[in-house]
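S.K.:
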Amino acid sequence: MYAKIQETATWLKNRISTQPETAIVLGTGLGRLAEEIVVKERIPYSEIPNMPVSTVEGHSGCLLIGELGGKDILAMQGRFHFYEGYSMKEVTFPIRVMYELGIKTLFVSNAGGGTNPSFSIGDLMIITDHINLFPEHPLHGPNFPTGPRFPDMSEAYDKQLIALADSIAEEKGIKVQHGVYLGTQGPTFETPAEYRMFRILGADSVGMSTVPEVIVAHHCGIRVFGMSIITDLGVEGQIVKVSHEEVQKAANAVQPLMAEIMREMIRRS
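Going by the numbering used here, the first residue of the sequence shown is number -10, and it counts up by one from there.
1. Would you kindly work out how many angstroms separate the C-alpha atoms of D147 and M216, rounded to a whole number?
2. Measure the alpha-carbon distance for I5 versus E30 and round it to whole angstroms.
3. So, using beta-carbon positions, are I255 and K93 closer together than 7 angstroms?
4. Among G210, M142 and L222, which one has its Cα closest to the Cα of R193?
5. What does a CB cutoff of less than 7 angstroms around T(-3) pick up in its chain, not counting 5 residues either side in sequence?
6. Which whole-angstrom value describes the C-beta separation of S156 and H70, a residue pair presumed to lie in contact below a C-beta threshold of 8 angstroms?
7. Starting from T(-1), follow the alpha helix (DSSP H) in both directions and report where the run begins and ends.
8. Between which two residues does the beta strand (DSSP E) harbouring Q66 extend?
9. Should Y170 be labelled buried (16 or more other beta-carbon atoms within 10 Å of its own) or exposed?
10. How long is the line joining the alpha carbons of A145 and T180, rounded to whole angstroms?
11. Using the DSSP secondary-structure output, state which residues sit across from H167 in a beta bridge.
12. Using DSSP bridges, identify the partner residues of P33.
13. I need the boundaries of the alpha helix (DSSP H) containing I157, first residue and last residue.
14. Can you list, in chain order, the residues of its chain with a C-beta nearer than 6 angstroms to that of V224? Leave out the 5 residues immediately preceding and following it.
15. Closest to K2 by CA distance: which of K164, L63, L95 and F82 is it?
16. Please list, in chain order, all residues of the same chain as L153 whose beta carbon is under 6 angstroms from its beta carbon, the five residues on each side excluded.
17. Please list, in chain order, all residues of the same chain as Y72 whose beta carbon is under 7 angstroms from its beta carbon, the five residues on each side excluded.
18. Whole angstroms are fine: how far does the CA of S98 sit from the CA of M65?
19. Under 7 angstroms between the Cβ atoms of V195 and F187?
20. Going by DSSP, what residues sit across from E56 in a beta bridge?
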């Protein structure tokens, strides 16, 4: 796997004309953030050696190279999920490639079901911590030379970046929540009993992504900032049937606010 990572990174280095140090993973319904990027190169995943191909609606499946907030960036327009049948090594493959390309800071986004009763649909939640309930750990197996065998996870989400996001949100009058994101396998949405359990465990939002990527990024020494758009509620008495299309619609409605925060964070960081 490490040889494939290096092969892919070498291919991209020969293809990309810039050297970005910031990367963004655009999740479900959040691909419109790509409209904020001044795109210089758009590379379909299908053209990149060893790269998995996204199979989920709302995930375009392209690597974007361009500018955002006046900085060179790399953006994944669509991610890979464990529920698609990929191994954790495949799900996190792009993050390993990012490290080889010299990425220092990673911005991750997702759509999540809110379990905190104070949340509303359309809220932006800054991720302060996570709970990993995936059945396979992304660091399982031989240790990659990018980090220690037993990495510390006491600050998986960079506190300085969180503080910067808070200050920008306050300046612009954008309401943000803070909370713990719980990652689970999917692809089913949660039952009411599962939502109750996740809330008891300490989760404020639950989804099917992000956690594996953050673990691997942290293992590589990449700073991480994460944000979850609350697209449905898993709060007792407020749970309704939900579809992937409804999740995308709710995410798209609030995406410009998330884009504004992230664009300004990139400009200032």
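Even for Gly, the Cβ is constructed at its ideal location relative to N, Cα and C.
All values reported here derive from a predicted model rather than from experimental measurement.
M.R.: Answer, in terms of the structure:
1. Along the sequence shown, read from residue 1 onward, the residue named residue 147 stands at position 158. Along the sequence shown, read from residue 1 onward, the residue named residue 216 stands at position 227. The C-alpha of M216 is placed about 12 angstroms away from the C-alpha of D147.
2. Here the question's residue 5 lines up with position 16 in the sequence shown. Here the question's residue 30 lines up with position 41 in the sequence shown. Their backbone Cα atoms lie some 8 angstroms apart in a straight line.
3. Along the sequence shown, read from residue 1 onward, the residue named residue 255 stands at position 266. Along the sequence shown, read from residue 1 onward, the residue named residue 93 stands at position 104. No, Cβ-Cβ distance for I255 and K93 is not below 7 angstroms.
4. For the purposes of this step, residue 193 is taken as the residue at position 204 of the sequence shown. A small correction: the amino acid at residue 193 is Asp; Arg does not occupy that position in the sequence shown. Nearest Cα to D193 within the set G210, M142 and L222: L222.
5. Against the sequence shown, residue -3 aligns to sequence position 8. Once the five neighbours on either side are set aside, the close Cβ partners of T(-3) are I37, P38, N39, M40 and V86.
6. For the purposes of this step, residue 156 is taken as the residue at position 167 of the sequence shown. For the purposes of this step, residue 70 is taken as the residue at position 81 of the sequence shown. Between H70 and S156 the Cβ distance is about 33 angstroms, and since that is not below 8 angstroms, they are no contact.
7. Here residue -1 refers to the residue found at position 10 when the sequence shown is read from its first residue. Note, T(-1): alpha helix (DSSP H), Y(-9) to R4.
8. By one-based count along the sequence shown, residue 66 stands at place 77. For Q66, the enclosing beta strand (DSSP E) covers residues K60 to Q66.
9. Walking along the sequence shown from the start, residue 170 turns up at place 181. With a threshold of 16 other beta carbon atoms within 10 Å, Y170 meets it and is buried.
10. The residue given as residue 145 occupies position 156 in the sequence shown. The residue given as residue 180 occupies position 191 in the sequence shown. In a straight line, the C-alpha of A145 is about 28 angstroms away from that of T180.
11. Numbered from 1 along the sequence shown, position 178 holds the residue referred to as residue 167. Partner(s): I115.
12. Within the sequence shown, the letter at position 44 stands for residue 33. Assignment of beta-bridge partners to P33 by DSSP yields C51.
13. Looking up residue 157 in the sequence shown gives position 168. Unbroken alpha helix (DSSP H) run through I157: K148 to K161.
14. Reading the sequence shown from its first residue, position 235 is the one you call residue 224. Counting only Cβ-Cβ distances below 6 angstroms, and skipping sequence neighbours, we find P106.
15. By 1-based counting over the sequence shown, the position of residue 2 is 13. Checked all of K164, L63, L95 and F82; the closest Cα to K2 is L63.
16. Translated into the one-based positions of the sequence shown, residue 153 becomes position 164. Contacts found: M254.
17. In the sequence shown, residue 72 corresponds to position 83, counting from 1. Result list for Y72: Q174, G175, P176 and M197, in chain order.
18. Along the sequence shown, read from residue 1 onward, the residue named residue 65 stands at position 76. Along the sequence shown, read from residue 1 onward, the residue named residue 98 stands at position 109. Taking the straight line from one Cα to the other gives about 11 angstroms.
19. Sequence index remark: in the sequence shown, residue 195 carries index 206 (1-based). Sequence index remark: in the sequence shown, residue 187 carries index 198 (1-based). The beta carbons of V195 and F187 sit closer together than 7 angstroms.
20. As a working note, residue 56 is residue 67 in the sequence shown. For E56, the pairing in a beta bridge is given by DSSP as V27 and D61.
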